[in-house]
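Which chain is which? The protein sequence lines are A and B, in order. Each residue of the first sequence is one higher than the last, beginning at 87 in this note's numbering. Each residue of the second sequence is one higher than the last, beginning at 2 in this note's numbering. Glycine included, every Cβ here is placed at the ideal spot set by N, Cα and C. Comments concern the structure below.
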Amino acid sequence: MNVIKKLLAVLGLSLSLVATSAFAHGPTPQKVDEEIIINADMATVWNKIKAFDSFAEWQPAVASIAMTDPDTRVVTLKSGGEFTDSLDEVNEEEHYIGYRLLEENAKIFPVSFYTINIQVSAEGDKSKVSWSGRFYRGDTGNFPAENLNDDAAVKAMTEYANSGLAGLKALVEK
Amino acid sequence: MFLLLSPKLVYSTEFYISSQTSNAISLFNSNTLDIEQSFAVPKGPVNLLVNEDKDVFYISHPEKGVVSVFDQKTRRLLQEIETGGQPFGMALDTKKQKLFVTDWSRDSVLVINTVSFQVVDILAVGKSPAGIAIDTVGRKVFVANRESHTLTVLDADKPRLIAHIETGNNPYSVVFNSQKNQLYVGCVKENSVTVIDTESYKVIASLPVKAPYGFAISNDGEQFFVTSQAENKLVVFDANTLEATSRIATGKMPESVALSVDNQRAFVVNWFSNSISVIDLQTKQQSSLVKLNNESRMIVKAQ
Numbered sequence: 087m088n089v090i091k092k093l094l095a096v097l098g099l100s101l102s103l104v105a106t107s108a109f110a111h112g113p114t115p116q117k118v119d120e121e122i123i124i125n126a127d128m129a130t131v132w133n134k135i136k137a138f139d140s141f142a143e144w145q146p147a148v149a150s151i152a153m154t155d156p157d158t159r160v161v162t163l164k165s166g167g168e169f170t171d172s173l174d175e176v177n178e179e180e181h182y183i184g185y186r187l188l189e190e191n192a193k194i195f196p197v198s199f200y201t202i203n204i205q206v207s208a209e210g211d212k213s214k215v216s217w218s219g220r221f222y223r224g225d226t227g228n229f230p231a232e233n234l235n236d237d238a239a240v241k242a243m244t245e246y247a248n249s250g251l252a253g254l255k256a257l258v259e260k
Numbered sequence: 002m003f004l005l006l007s008p009k010l011v012y013s014t015e016f017y018i019s020s021q022t023s024n025a026i027s028l029f030n031s032n033t034l035d036i037e038q039s040f041a042v043p044k045g046p047v048n049l050l051v052n053e054d055k056d057v058f059y060i061s062h063p064e065k066g067v068v069s070v071f072d073q074k075t076r077r078l079l080q081e082i083e084t085g086g087q088p089f090g091m092a093l094d095t096k097k098q099k100l101f102v103t104d105w106s107r108d109s110v111l112v113i114n115t116v117s118f119q120v121v122d123i124l125a126v127g128k129s130p131a132g133i134a135i136d137t138v139g140r141k142v143f144v145a146n147r148e149s150h151t152l153t154v155l156d157a158d159k160p161r162l163i164a165h166i167e168t169g170n171n172p173y174s175v176v177f178n179s180q181k182n183q184l185y186v187g188c189v190k191e192n193s194v195t196v197i198d199t200e201s202y203k204v205i206a207s208l209p210v211k212a213p214y215g216f217a218i219s220n221d222g223e224q225f226f227v228t229s230q231a232e233n234k235l236v237v238f239d240a241n242t243l244e245a246t247s248r249i250a251t252g253k254m255p256e257s258v259a260l261s262v263d264n265q266r267a268f269v270v271n272w273f274s275n276s277i278s279v280i281d282l283q284t285k286q287q288s289s290l291v292k293l294n295n296e297s298r299m300i301v302k303a304q
């Protein structure tokens with residue numbers, strides 16, 4: 087132990103042996119992979135998807151969006167509470183938008199980090215929209231509470247994807 | 002007779018690929034492009050590292066608090082080293098029989114004796130250390146501290162801090178190009194690769210790559226390769242000019258990359274698509290696609 091203590095003094099850091107850390111992303115990344123067919127042409131659907139600031143128009147779980155800069159949005163959920171997304175890419179050629187969680191709020195949405203990609207492709211005269219995501223549970227320590235474990239994160243992200251896709255379909259087909 | 006039996010003289014065409022959710026390692030043959038075998042390992046395997054001298058490989062299992070040791074020939078589990086915490090990145094000191102392992106949740110680097118399998122030291126570093134690399138000649142260990150936005154340089158021989166360098170936001174992976182004395186640090190949230198000169202410890206460039214994850218360096222040190230998880234690309238850089246020379250389409254959310262022995266092809270593991278993109282580095286295009294276990298993460302060459 088002497089060596090360790092000496093080193094800690096050298097580095098001026100403290101070594102915590104408590105194996106939890108709200109901000110760490112050590113564990114298994116989880117996946118969401120959902121899609122829907124929408125009875126509308128691709129251009130119409132893409133116009134809705136690519137508008138990063140108009141997400142509340144079609145995602146029924148979202149109460150409002152507040153842009154803090156052109157690539158950053160604060161998402162307020164209808165169920166209460168907010169988190170922040172950061173835009174990575176709007177690809178016009180591939181009809182693809184990618185964004186990620188910038189500031190998490192695991193109390194209201196039990197993930198510590200996600201990246202989400204939404205892409206539309208033509209499916210005959212209809213459109214296919216895919217919602218793909220990679221994310222980590224709310225508590226990334228090795229002993230998460232039930233409401234912050236992998237299952238809770240998968241459930242929340244899958245519901246979020248499906249409600250978004252259903253909301254998009256309802257809006258465009260209206 | 003002895004020469005024929007030496008495993009080091011045989012150029013392996015096999016690669017290990019970890020699948021964290023399948024609790025398995027796939028054995029990929031880069032000549033036939035087949036998955037030859039998939040074998041069960043302890044829960045949640047992530048990083049892989051081969052120890053050529055001992056003919057074993059190590060697997061980190063962050064959610065189990067274990068580093069496992071497997072025999073390369075029999076693919077059998079030799080040892081589970083209980084480290085506690087969340088062991089993640091690994092670097093092998095080939096000169097001193099030591100394995101350095103980052104511990105994500107205890108903000109430290111564990112030092113494991115590769116003969117006794119004992120944890121012999123715990124070194125404090127920055128917050129949530131992820132990637133780790135070693136310069137076995139210059140005797141330095143480099144640690145990417147994901148939540149401190151820094152890189153720690155430690156003395157490989159004694160508990161001594163050499164340098165603490167600011168990187169881009171959320172440095173995740175780090176690799177050392179021994180021929181150029183350069184470190185490449187993938188800053189996953191910053192969307193950049195920080196390039197550090199290991200003689201001056203100065204940041205000499207910040208290269209734009211969206212969500213950079215896995216790296217590979219060519220044998221001659223002239224080129225390096227990084228997967229962009231947000232762009233679904235393999236980005237190729239010239240190590241002299243530090244310019245991107247090509248951006249090659251991969252599958253969805255590519256995680257790691259390894260090069261073939263002759264450096265003519267790159268094998269990219271696509272985490273989301275559950276596949277390997279085989280990339281021809283001459284035509285700079287995907288030449289084939291190999292199906293993989295679910296949520297595969299890391300690829301390393303067997304020795």
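Do you know offhand how far PRO213 of chain B's Cα is from GLN230 of chain B's? Position 212 of the second sequence, counted from the start, is the residue given in the question as residue 213 of chain B. Position 229 of the second sequence, counted from the start, is the residue given in the question as residue 230 of chain B. Rounded to whole angstroms, PRO213 of chain B to GLN230 of chain B spans 6 Å at the Cα level.
So which residues on chain B does SER218 of chain A lean against when the C-beta distance must stay under 8 Å? Sequence index remark: in the first sequence, residue 218 of chain A carries index 132 (1-based). Close partners of SER218 of chain A in chain B (Cβ separation under 8 Å): LYS253, MET254, PHE273.
Does DSSP classify SER140 of chain A as helix, strand or coil? To locate residue 140 of chain A, count along the first sequence from 1; it is residue 54. If DSSP states are grouped into helix, strand and coil, SER140 of chain A belongs with the helices.
Examine chain A for any beta-carbon lying closer than 7 Å to the beta-carbon of ALA145 of chain B, and answer yes or no. Locating residue 145 of chain B in the second sequence gives position 144, counting from the first residue. Not an interface residue.
Compute the distance between the beta-carbons of ASN178 of chain B and GLY215 of chain B, then report whether it is under 7 Å. Translated into the one-based positions of the second sequence, residue 178 of chain B becomes position 177. Translated into the one-based positions of the second sequence, residue 215 of chain B becomes position 214. Against a cut-off of 7 Å, the Cβ pair of GLY215 of chain B and ASN178 of chain B comes out as no contact.
How long is the line joining the alpha carbons of GLU37 of chain B and ARG77 of chain B, rounded to whole angstroms? Translated into the one-based positions of the second sequence, residue 37 of chain B becomes position 36. Translated into the one-based positions of the second sequence, residue 77 of chain B becomes position 76. When rounded, the distance between both Cα atoms is 16 Å.
Where are the beta strand (DSSP E) runs, 3 residues long or more, that stay fully inside the region 126-150 of chain B, in chain order? 130-136, 141-146
When you compare only the Cα positions, how much space is there between SER276 of chain B and THR158 of chain A? Against the second sequence, residue 276 of chain B aligns to sequence position 275. Against the first sequence, residue 158 of chain A aligns to sequence position 72. C-alpha separation (whole angstroms): 32 Å.
Length of the line joining the Cα atoms of LEU235 of chain B and ASN24 of chain B: As a working mapping, residue 235 of chain B is identified with position 234 in the second sequence. As a working mapping, residue 24 of chain B is identified with position 23 in the second sequence. For LEU235 of chain B and ASN24 of chain B, the distance between alpha carbons rounds to 26 Å.
From this set, B:LEU293, B:PHE16, B:ARG161, which residue's C-alpha is nearest LYS141 of chain B's C-alpha? As a first step, residue 141 of chain B must be located in the second sequence, where it is residue number 140. Taking only the C-alpha atoms, the option nearest LYS141 of chain B is B:ARG161.
So what does DSSP say about LEU93 of chain B, is it helix, strand or coil? Within the second sequence, the letter at position 92 stands for residue 93 of chain B. LEU93 of chain B falls in the strand class under three-state DSSP.
Please list the partners that ASP75 of chain A has in chain B, where partner means a Cβ-to-Cβ separation under 8 Å. Only positions 87 to 260 of chain A appear in the structure, and residue 75 of chain A is not among them; the question remains open.
Distance, Cα to Cα, VAL160 of chain A vs ASP127 of chain A? Within the first sequence, residue 160 of chain A is the residue found at index 74, counting from 1. Within the first sequence, residue 127 of chain A is the residue found at index 41, counting from 1. Roughly 30 Å separates the two Cα atoms.
I need the DSSP call for THR154 of chain A, collapsed to helix, strand or coil. Mapped onto the first sequence, residue 154 of chain A falls at position 68. Strand, per DSSP.
For MET299 of chain B, the first and last residue of its enclosing beta strand (DSSP E): Residue 299 of chain B sits at position 298 when you count from the first residue of the second sequence. Here the beta strand (DSSP E) through MET299 of chain B covers 297-302.
Determine the contact status of GLY309 of chain A and SER198 of chain A, defining contact as a CB-CB distance below 7 Å. In this structure chain A extends from 87 to 260, so residue 309 of chain A is not present and cannot be described.
Out of curiosity, what's the CA-to-CA distance linking PHE109 of chain A and HIS62 of chain B? Taking the first residue of the first sequence as 1, we reach residue 109 of chain A at position 23. Taking the first residue of the second sequence as 1, we reach residue 62 of chain B at position 61. In this prediction, PHE109 of chain A has a pLDDT of 42, which is less than 50 and means its spatial position is unreliable; what the coordinates show is noted afterwards. Roughly 19 Å separates the two Cα atoms.
What is the DSSP secondary structure of ALA192 of chain A, reduced to helix, strand or coil? As a working note, residue 192 of chain A is residue 106 in the first sequence. Reduced to three states, the DSSP call for ALA192 of chain A is coil.
With a threshold of 6 Å, establish whether the CB of THR242 of chain B neighbours any heavy atom of the ligand GDP. Looking for the ligand GDP in the displayed structure turns up nothing, as the structure carries no ligands at all.
Which chain A residues sit within Cβ distance under 8 Å of GLY45 of chain B? Your numbering for residue 45 of chain B matches position 44 in the second sequence. Counting only Cβ-Cβ distances below 8 Å, GLY45 of chain B has contacts in chain A at PRO113, THR114, in chain order.
Could you tell me which residues DSSP puts in a beta bridge with GLU15 of chain B? Counted from its first residue, the second sequence places residue 15 of chain B at position 14. DSSP, once it has assigned bridges, lists B:ASN30 as partnering GLU15 of chain B.
Tell me which residues share the same chain as ASN182 of chain B and place their Cβ nearer than 7 Å to its Cβ, disregarding the 5 neighbours each side in the sequence. Position 181 of the second sequence, counting from 1, holds the residue named residue 182 of chain B. So the list reads ASP198, THR199, GLU200, once near-sequence residues are dropped.
Residues bridged to ALA206 of chain B (per DSSP): By one-based count along the second sequence, residue 206 of chain B stands at place 205. The partner list for ALA206 of chain B (beta bridge, DSSP) reads B:VAL196.
Is the beta carbon of GLY85 of chain B closer than 7 Å to that of GLY132 of chain B? For the purposes of this step, residue 132 of chain B is taken as residue 131 along the second sequence, with counting starting at 1. For the purposes of this step, residue 85 of chain B is taken as residue 84 along the second sequence, with counting starting at 1. Against a cut-off of 7 Å, the Cβ pair of GLY85 of chain B and GLY132 of chain B comes out as no contact.
Below-7 Å beta-carbon distance, GLY224 of chain A vs any chain B residue: The sequence position of residue 224 of chain A within the first sequence is 138, counting from 1. Not one chain B Cβ lies under 7 Å of GLY224 of chain A.
For GLN73 of chain B and VAL270 of chain B, I'd like the C-alpha separation in whole angstroms. Residue numbering aside, residue 73 of chain B sits at position 72 when the second sequence is read from its first letter. Residue numbering aside, residue 270 of chain B sits at position 269 when the second sequence is read from its first letter. C-alpha separation (whole angstroms): 21 Å.
Are LEU175 of chain B and ALA145 of chain B closer than 7 Å when you measure CB to CB? Walking along the second sequence from the start, residue 175 of chain B turns up at place 174. Walking along the second sequence from the start, residue 145 of chain B turns up at place 144. Reading off the sequence shown, one finds Val at residue 175 of chain B, where the question assumed Leu. The criterion of a C-beta distance shorter than 7 Å is satisfied by VAL175 of chain B and ALA145 of chain B.
What first and last residue would you give for the alpha helix (DSSP H) that runs through ALA219 of chain B? Stepping through the second sequence from its first residue, residue 219 of chain B is reached at position 218. For the sequence presented, residue 219 of chain B should be read as Ser rather than Ala. No alpha helix (DSSP H) contains SER219 of chain B, which DSSP labels as neither H nor E.
Return the Cβ separation of GLU175 of chain A and LYS253 of chain B in integer angstroms, given the expectation that the two are a contact with Cβ distance under 8 Å. Translated into positions along the first sequence, residue 175 of chain A becomes position 89. Translated into positions along the second sequence, residue 253 of chain B becomes position 252. Wrong, their Cβ atoms sit about 13 Å apart, outside the cutoff.
For VAL131 of chain A, name the three-state secondary structure that DSSP assigns. Your numbering for residue 131 of chain A matches position 45 in the first sequence. Correct three-state label for VAL131 of chain A: helix.
Compare the beta carbon distance of LEU188 of chain A and SER213 of chain A with 7 Å and say whether it is the shorter of the two. As a working mapping, residue 188 of chain A is identified with position 102 in the first sequence. As a working mapping, residue 213 of chain A is identified with position 127 in the first sequence. Against a cut-off of 7 Å, the Cβ pair of SER213 of chain A and LEU188 of chain A comes out as no contact.
Residues bridged to TYR185 of chain B by DSSP? For the purposes of this step, residue 185 of chain B is taken as the residue at position 184 of the second sequence. DSSP, once it has assigned bridges, lists B:VAL176, B:VAL196 as partnering TYR185 of chain B.
Between which two residues does the beta strand (DSSP E) holding VAL57 of chain B run? Position 56 of the second sequence, counting from 1, holds the residue named residue 57 of chain B. It spans 57-62 - the beta strand (DSSP E) in which VAL57 of chain B sits, taken as one unbroken run.
Could you check where the beta strand (DSSP E) with ALA259 of chain B kicks off and where it finishes? By one-based count along the second sequence, residue 259 of chain B stands at place 258. Note, ALA259 of chain B: beta strand (DSSP E), 255-260.
Could you run through the region 55-85 of chain B and flag, in chain order, every residue whose CB is less than 9 Å away from some CB of chain A? Correct list: PRO63, GLU64, LYS65, GLY66, GLY85.
By the 9 Å beta-carbon criterion, what residues does the region 16-39 of chain B contribute toward chain A? GLN21, THR22
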